[in-house]
Amino acid sequence: MIGYGFMGATHSQGWRVAPRFFDLPAEPVMQVVVGRNEDAVSAAARKWGWAEHATDWRDVIARDDIDVVDVVTSGDSHAEIAIAALEAGKHVLCEKPLANTVAEAEAMVAAAARAGAAGTQSMVGFTYRRVPAVAYARSLIADGRIGTVRQIRASYRQDWLMDAEAPLTWRLQKERAGSGSLGDIGVHAVDLAEHLTGLQLTAVAGVLETIVTERPLMGESIGLSGTASAERGEVTVDDLAIFTGRFADPAGGAGALGSFEATRFATGRKNALRIEISGSTGALAFDLERMNQLEFHDATVPPLEQGFRTILVTEHDHPYLAPWWPPGHMLGYEHAFSNQVHDFVNAVVTGEAATPSFAEGLHLQKVLEAVQQSSAADAAWRPVD
1 MIGYGFMGAT HSQGWRVAPR FFDLPAEPVM QVVVGRNEDA VSAAARKWGW AEHATDWRDV
61 IARDDIDVVD VVTSGDSHAE IAIAALEAGK HVLCEKPLAN TVAEAEAMVA AAARAGAAGT
121 QSMVGFTYRR VPAVAYARSL IADGRIGTVR QIRASYRQDW LMDAEAPLTW RLQKERAGSG
181 SLGDIGVHAV DLAEHLTGLQ LTAVAGVLET IVTERPLMGE SIGLSGTASA ERGEVTVDDL
241 AIFTGRFADP AGGAGALGSF EATRFATGRK NALRIEISGS TGALAFDLER MNQLEFHDAT
301 VPPLEQGFRT ILVTEHDHPY LAPWWPPGHM LGYEHAFSNQ VHDFVNAVVT GEAATPSFAE
361 GLHLQKVLEA VQQSSAADAA WRPVD
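Counting along the sequence shown from 1, when you hit position 56 you're at 56 in the numbering used here, and nothing is skipped either side.
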């Protein structure tokens, strides 16, 4: 695993726990974690259960005893690491968004295609696809339970940057993160909208806003944030993204409309990824802050019986849940990372294509770029591709 911060902790949890619950076709060995800071990466290895640590990812990728490379670094290094790993014949799991630019993502897709011809797998870590309630919602839509999709509303709202004196993390620097709330959390909302419905965005129009333009530089990094130093620096990414999107219509019509919001300034919202999909015969709604529940409305029953009802997604017949706990016992944020490991390891062993693919990650990168272009052009509509 290359990187060891917040995402490194979640991925370590996934690698360690998945083999204890799932009957995997191969046993993942947590061999080495890599980071630039010797003391910090050594501590991470001990804490999260890695056999060893290293400070040069190039040396690790060249090792014969490494089969899989898990990339959990900041976006500015995804392309270099992932392409090198694929060229070395390693299977690659890369955190989202795939890259910081469309050009980088295109190079990664090309490398994945070359490696894929030799049986090497690559996958982007859009982990929320592996939340059981999300997976179940997708199956309901595919089964026609809400009819033709007409409208999608998706938002991802957090408030961890509300304090204007919170330190300038790498997520607030364009050269490292690519974009702010748009690429960090907004891309999850877009991915779920497309993944659940099977539809793709073709055009977008929106606005990006930077609410706090200057912050104290980072002292010590802790989780998503850290301690502030006496020096200050410029925030070079967006704090808030609001945009509209047009989805392709398989029947050749105008296509459904979607509205999207991504913000890290939503006072009181901690991790509120919410999506509501309205169809011709029903509707579904999901909120990550109530991740074991799915709201379902059936518009085909008599009007006096209609209304959203809450489905508790904890039964063994629901997606991913059979290996976990007895019905009614809740899963949490970390379980989706174990579910992700299950899917990735199965793809590596069976040869079945891993999803989401790097090509899907490239498409989402094009959505992000189109939103940025629209904002720079007074919210004019921009094509995604």
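Glycine residues also receive a C-beta, built at the ideal position from the N, C-alpha and C atoms.
(message) With distance defined between alpha-carbon atoms, name the residue in G178, V301, S12 nearest to V71.
(response) The residue given as residue 71 occupies position 71 in the sequence shown. Per the C-alpha coordinates, the member of G178, V301, S12 positioned closest to V71 is S12.
(request) For G282, I'd like the list of residues in its chain whose CB is within less than 6 Å of its CB, leaving aside the five on either flank, ordered along the chain. (result) For the purposes of this step, residue 282 is taken as the residue at position 282 of the sequence shown. Counting only Cβ-Cβ distances below 6 Å, and skipping sequence neighbours, we find R145, I146, H297, D298, A299.
(message) Buried or exposed, going by whether 16 or more other CB atoms sit within 10 Å of the CB of I222?
(response) Taking the first residue of the sequence shown as 1, we reach residue 222 at position 222. Exposed, since its Cβ has fewer than 16 Cβ neighbours within 10 Å.
(message) DSSP three-state label for L284, please.
(response) Residue 284 sits at position 284 when you count from the first residue of the sequence shown. The answer is strand: DSSP assigns L284 an E or B state.
(message) Three Cβ pairs or more, each shorter than 8 Å: is that satisfied between the stretch 203 to 220 and the stretch 123 to 138?
(response) no
(request) Give the straight-line distance between the Cα atoms of E214 and G233, rounded to the nearest whole angstrom. (result) Position 214 of the sequence shown, counted from the start, is the residue given in the question as residue 214. Position 233 of the sequence shown, counted from the start, is the residue given in the question as residue 233. Those two C-alpha atoms are separated by around 6 Å.
(message) Buried or exposed, going by whether 16 or more other CB atoms sit within 10 Å of the CB of V345?
(response) Taking the sequence shown and counting its residues from 1, the one referred to as residue 345 is at position 345. So V345 ends up on the buried side.
(request) List the DSSP bridge partners of T310. (result) Position 310 of the sequence shown, counting from 1, holds the residue named residue 310. The partner list for T310 (beta bridge, DSSP) reads E295.
(message) Assuming contact is defined by CB atoms lying nearer than 8 Å, are S181 and T263 in contact in what I supplied?
(response) Taking the sequence shown and counting its residues from 1, one reaches residue 181 at position 181. Taking the sequence shown and counting its residues from 1, one reaches residue 263 at position 263. Cβ distance < 8 Å, so S181 and T263 count as in contact.
(message) DSSP three-state label for H91, please.
(response) Along the sequence shown, one-based indexing puts residue 91 at 91. Here H91 sits in strand by DSSP.
(message) Three or more C-beta pairs under 8 Å: does that hold for the stretch 310 to 327 against the stretch 76 to 88?
(response) Proximity of the stretch 310 to 327 to the stretch 76 to 88 falls short of the contact definition, fewer than three beta-carbon pairs being nearer than 8 Å.
(request) Using DSSP bridges, identify the partner residues of E220. (result) In the sequence shown, counting from the first residue as 1, residue 220 sits at position 220. None, per the DSSP bridge assignment.
(message) Going by DSSP in three states, T210 sits in which element: helix, strand or coil?
(response) In the sequence shown, residue 210 corresponds to position 210, counting from 1. Here T210 sits in coil by DSSP.
(message) If the criterion is Cβ atoms closer than 8 Å, does the pair A44 and V29 meet it?
(response) For this step, residue 44 is matched to residue 44 along the sequence shown. For this step, residue 29 is matched to residue 29 along the sequence shown. No, Cβ-Cβ distance for A44 and V29 is not below 8 Å.
(message) Can you look up M108 in the DSSP assignment and give me helix, strand or coil?
(response) Numbered from 1 along the sequence shown, position 108 holds the residue referred to as residue 108. Helix.
(request) In angstroms with no decimal places, state the Cα-to-Cα distance between D67 and C94. (result) Looking up residue 67 in the sequence shown gives position 67. Looking up residue 94 in the sequence shown gives position 94. Their Cα atoms are separated by approximately 14 Å.
(message) Under DSSP, the alpha helix (DSSP H) around A121 begins and ends at which residues?
(response) Here residue 121 refers to the residue found at position 121 of the sequence shown. Sequence check: residue 121 is Gln here, not Ala. Per DSSP, Q121 belongs to no alpha helix (DSSP H) and is neither H nor E.
(request) Determine the burial state of P356: buried for a count of at least 16 other Cβ atoms within 10 Å of its Cβ, exposed for fewer. (result) For the purposes of this step, residue 356 is identified with residue 356 of the sequence shown, where counting begins at 1. Buried: at least 16 other Cβ atoms inside 10 Å.
(request) Have a look at the DSSP bridge pairing and note the partners of A228. (result) Here the question's residue 228 lines up with position 228 in the sequence shown. M218, per the DSSP bridge assignment.
(message) I'd like the list of long-range same chain contacts for L368, defined as Cβ closer than 7 Å, with 5 residues on each side in sequence excluded.
(response) As a working note, residue 368 is residue 368 in the sequence shown. Taken in chain order, the residues that qualify are P97, S179, L182, G183, V187.
(message) Let me confirm a value: M330 is counted as buried when at least 16 other C-beta atoms fall within 10 Å, else exposed. Which label applies?
(response) Taking the sequence shown and counting its residues from 1, one reaches residue 330 at position 330. With fewer than 16 Cβ atoms within 10 Å of its Cβ, M330 is classed as exposed.
(message) Taking 8 Å as the threshold (C-beta atoms), are P167 and G226 in contact?
(response) The residue you call residue 226 lines up with position 226 of the sequence shown. The residue you call residue 167 lines up with position 167 of the sequence shown. Contact: yes.
(message) Spatial neighbours of H342 within its chain, please: C-beta separation below 7 Å, excluding the five flanking residues on both sides.
(response) On the sequence shown, position 342 is the one that residue 342 refers to. A18, F22, L24.
(message) I want to know whether the stretch 97 to 108 touches the stretch 301 to 311 - three or more CB-CB distances under 8 Å.
(response) No, the stretch 97 to 108 does not touch the stretch 301 to 311.
(request) Please name the residue in W160, A62, K174 whose C-alpha comes closest to that of S77. (result) Mapped onto the sequence shown, residue 77 falls at position 77. Closest option to S77, Cα to Cα, is K174.
(message) Assuming E289 is part of the alpha helix (DSSP H), what are its boundary residues?
(response) Here residue 289 refers to the residue found at position 289 of the sequence shown. In the DSSP assignment, E289 falls outside any alpha helix (DSSP H), carrying neither H nor E.
(message) For a quick check, are the C-beta atoms of D163 and R269 less than 8 Å apart?
(response) Indexing the sequence shown from 1 puts residue 163 at position 163. Indexing the sequence shown from 1 puts residue 269 at position 269. No. Outside cutoff.
(message) So, for Y320: in the same chain, excluding its five sequence neighbours on each side, which residues have a beta-carbon less than 7 Å away from its beta-carbon?
(response) As a working mapping, residue 320 is identified with position 320 in the sequence shown. If we look at Y320 and ignore the five residues flanking it on each side, its Cβ neighbours are R130, P132, A135, N339.
(message) Need the endpoints of the alpha helix (DSSP H) that M196 sits in, please.
(response) As a first step, residue 196 is located in the sequence shown; it is residue number 196 there, counting from the start. The residue asked about is misnamed: residue 196 is Leu in this sequence, not Met. Run containing L196: 187 to 197, per the alpha helix (DSSP H) assignment.
(request) May I have the straight-line CA-CA distance separating S374 from R382, to the nearest angstrom? (result) To locate residue 374, count along the sequence shown from 1; it is residue 374. To locate residue 382, count along the sequence shown from 1; it is residue 382. Roughly 6 Å between the two C-alpha positions.
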